[in-house]
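One structure below.
Residue numbers (this note's numbering): 1435 to 1919.
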């Protein structure tokens, strides 16, 4: 299916397209200005008629028609919201679909709850305010509220309390759905020694900045990729650099995202323990072998279970497991079986993602791929939201992404006291996170809530070859950190 999106008299393309995608997922829209109006079977026109001060929308979709017009508000932000609302209402009438998150397109619904609570509203008032504006379902509002109430008790309160992220962008193979900057060990093995050498140098540089500006590292997160793709010795070198150059004595948590079960060995887990990391992830994504094969994983469900038991045997008492709802060829019965088996393992936290099909992932370009039907994915998410709290897991962080199937969400559930602060910080955007490694983003929050992003080079070969130029980026970070003194 193709559909033309026509914009006339306004520049609200991003939000208009986001609303249209809620109802017409997986479509590559033809974006047109008013002078390029095409002859198309399916078309959506949104217009700001300044001569008559009217907002207009016209929809022709699969033979169904809808049109509406209202007086335009005076403020530009209100004009954009009202035009999006008109489009949402029209598409809802044509399709009969009631999106669970309503017309909310942002990635941080919990932030909106926290902001409302911060304004002195009660929990009920905050939910009603968001429901009136965004038409969110009661179930999703309650999920966001429960998450917000847990986060409010966990978040740091000083701008000098920060997180640290370290990127190891290598994996055994690239999963079909993956859109991260990650590279297979086979294709990147010649780069890894130089990459690790430069990464350790950058860790030392960040350590000097942390010391100079008297910052307190509250969370350390080594992610990727799959950090345990590198050898035990290489992993030790990276973690030793953290120990040598950064004071993490007061850190509330230290995570290594072990991730892929086919990279987890006793030797690597011993290194993680010796370096005093206290949280790991063992991420099967599914415990259905046929689905694992479909997405390009080279391990079995049993290997994931064995890796979990090995970590428990070695003394890890804070283990997360990631699952994905909506994987190619998965079914509701298969997802339910996976979820129940993971709960039986009794990990300390379980993160349930909804499949996101992004341009950078191989799945996006696979013409033979058939997504799991949206109603089935919604049932998977509903099962998680019902079953996990019953088993003692409460939602502690929640975010949404563009191009997520069913316009759904990703939720981290945990046992009380096992919530991951870094996951909350990365979504909250109210605390500084310093990043090392290729593709890592440093987010510096200064008084007044101002946010500055400084992003490292994206690819390992670029990170290595242009490492000297990173000094300019570190100067930018230092200039922002100076504002905290």
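Glycine included, every Cβ here is placed at the ideal spot set by N, Cα and C. If you're wondering where the values come from, they're calculated on a predicted model, not measured in any experiment.
Which value, in whole angstroms, describes the spacing of the CA atoms of residue i and residue j?
i: residue 1522; j: residue 1861; result: 26 Å
i: residue 1716; j: residue 1884; result: 35 Å
i: residue 1795; j: residue 1789; result: Note that residue 1795 has pLDDT 41, beneath the 50 cutoff, so the model's placement of it is unreliable and the number below is only indicative. Cα to Cα, residue 1795 sits roughly 11 Å from residue 1789.
i: residue 1682; j: residue 1646; result: 15 Å
i: residue 1537; j: residue 1449; result: 10 Å
i: residue 1447; j: residue 1509; result: 17 Å
i: residue 1911; j: residue 1748; result: 39 Å
i: residue 1797; j: residue 1554; result: Its pLDDT being 42, under 50, residue 1797 is placed unreliably in this model, and the value from its coordinates should be taken loosely. If I take the Cα positions, the gap works out to 45 Å.
i: residue 1539; j: residue 1701; result: 44 Å
i: residue 1571; j: residue 1547; result: 14 Å
i: residue 1803; j: residue 1841; result: The pLDDT assigned to residue 1803 is 46, lower than 50, so where the model puts this residue is not dependable, and the model offers no usable value.
i: residue 1799; j: residue 1460; result: At residue 1799 the pLDDT is 39, less than 50, meaning the model places this residue with poor confidence; the figure from the coordinates comes in the next sentence. Roughly 11 Å between the two C-alpha positions.
i: residue 1638; j: residue 1494; result: 58 Å
i: residue 1835; j: residue 1573; result: 19 Å
i: residue 1758; j: residue 1738; result: 15 Å
i: residue 1919; j: residue 1828; result: 37 Å
i: residue 1529; j: residue 1892; result: 40 Å
i: residue 1467; j: residue 1767; result: 45 Å
i: residue 1833; j: residue 1542; result: 5 Å
i: residue 1491; j: residue 1442; result: 10 Å
i: residue 1870; j: residue 1695; result: 25 Å
i: residue 1654; j: residue 1597; result: 6 Å
i: residue 1831; j: residue 1851; result: 13 Å
i: residue 1793; j: residue 1810; result: Low per-residue confidence applies at residue 1793: pLDDT is 44, beneath 50, and the placement is therefore not dependable, though the value from the model is reported in the following sentence. In a straight line, the C-alpha of residue 1793 is about 23 Å away from that of residue 1810.
i: residue 1444; j: residue 1499; result: 22 Å
i: residue 1843; j: residue 1787; result: 7 Å
i: residue 1671; j: residue 1631; result: 9 Å
i: residue 1898; j: residue 1723; result: 37 Å
i: residue 1905; j: residue 1587; result: 37 Å
i: residue 1856; j: residue 1566; result: 32 Å
i: residue 1629; j: residue 1642; result: 20 Å
i: residue 1633; j: residue 1875; result: 14 Å
Considering only C-alpha positions, which residue in the set the options is nearest to residue i?
i: residue 1753; options: 1690, 1532, 1733 and 1709; result: 1690
i: residue 1780; options: 1745, 1622, 1517 and 1789; result: 1745
i: residue 1419; options: 1714, 1631, 1514 and 1839; result: Outside the shown range of the chain, which is 1435 to 1919, sits residue 1419, and nothing can be said about it.
i: residue 1674; options: 1685, 1686, 1642 and 1710; result: 1710
i: residue 1582; options: 1452, 1650 and 1544; result: 1544
i: residue 1436; options: 1532, 1657, 1452 and 1477; result: 1477
i: residue 1888; options: 1900, 1896, 1873 and 1902; result: 1873
i: residue 1431; options: 1712, 1761 and 1902; result: There is simply no residue 1431 to check, as the chain begins at 1435 and stops at 1919 in what is shown.
i: residue 1600; options: 1527, 1724 and 1669; result: 1669
i: residue 1970; options: 1769, 1741, 1463 and 1458; result: The structure shown does not extend to residue 1970, since the chain spans only 1435 to 1919, so no value can be given for it.
i: residue 1486; options: 1629, 1879 and 1506; result: 1506
i: residue 1503; options: 1515, 1483 and 1512; result: 1483
i: residue 1808; options: 1512, 1525 and 1532; result: 1532
i: residue 1769; options: 1667, 1721, 1677 and 1735; result: 1721
Could you spell out where the alpha helix (DSSP H) holding residue i opens and where it closes?
i: residue 1578; result: 1572-1588
i: residue 1874; result: No alpha helix (DSSP H) holds residue 1874; DSSP gives it neither H nor E.
i: residue 1823; result: 1808-1824
i: residue 1414; result: Given a span of 1435 to 1919 for the chain in the structure shown, any question on residue 1414 remains unanswerable.
i: residue 1718; result: Unbroken run through residue 1718: none, as it is neither H nor E.
i: residue 1828; result: Element bounds for residue 1828: not the alpha helix (DSSP H) but the beta strand (DSSP E), 1828-1833.
i: residue 1453; result: 1447-1457
i: residue 1413; result: Residue 1413 is absent from the structure shown; the chain starts at 1435 and stops at 1919.
i: residue 1912; result: 1904-1915
i: residue 1539; result: Unbroken run through residue 1539: none, as it is neither H nor E.
i: residue 1671; result: 1666-1679
i: residue 1857; result: 1855-1862
i: residue 1663; result: No alpha helix (DSSP H) holds residue 1663; DSSP gives it neither H nor E.
i: residue 1520; result: 1510-1529
i: residue 1766; result: 1766-1779
i: residue 1443; result: From DSSP, residue 1443 is part of no alpha helix (DSSP H); its letter is neither H nor E.
i: residue 1641; result: 1626-1646
Quick check on the DSSP output: the beta strand (DSSP E) that includes residue i runs from which residue to which?
i: residue 1651; result: 1650-1658
Which residues share a DSSP beta bridge with residue i?
i: residue 1733; result: Per DSSP, none; premise fails for residue 1733.
i: residue 1438; result: 1464 and 1477
i: residue 1759; result: 1788
i: residue 1490; result: 1481 and 1503
i: residue 1601; result: 1657
i: residue 1753; result: 1714
i: residue 1847; result: 1784 and 1829
i: residue 1887; result: 1877
i: residue 1388; result: Past the edges of the chain, shown from 1435 to 1919, lies residue 1388, and the structure says nothing about it.
i: residue 1868; result: 1598
i: residue 1392; result: One cannot answer for residue 1392 here, as it falls past the ends of the chain, which runs 1435 to 1919.
i: residue 1838; result: 1790
(message) For the structure I just gave you, are there three or more beta carbon pairs, one from the region 1812-1820 and one from the region 1835-1855, closer than 8 Å?
(response) yes
(request) Evaluate the contact criterion for the region 1716-1735 versus the region 1672-1688: three or more CB pairs, one atom per stretch, below 8 Å. (result) no
(request) Could you tell me whether the region 1692-1707 touches the region 1653-1664, where touching means 3 or more Cβ pairs closer than 8 Å? (result) yes
(request) Check whether the region 1582-1595 touches the region 1863-1876, counting contact only when three or more Cβ pairs, one atom from each stretch, lie closer than 8 Å. (result) yes
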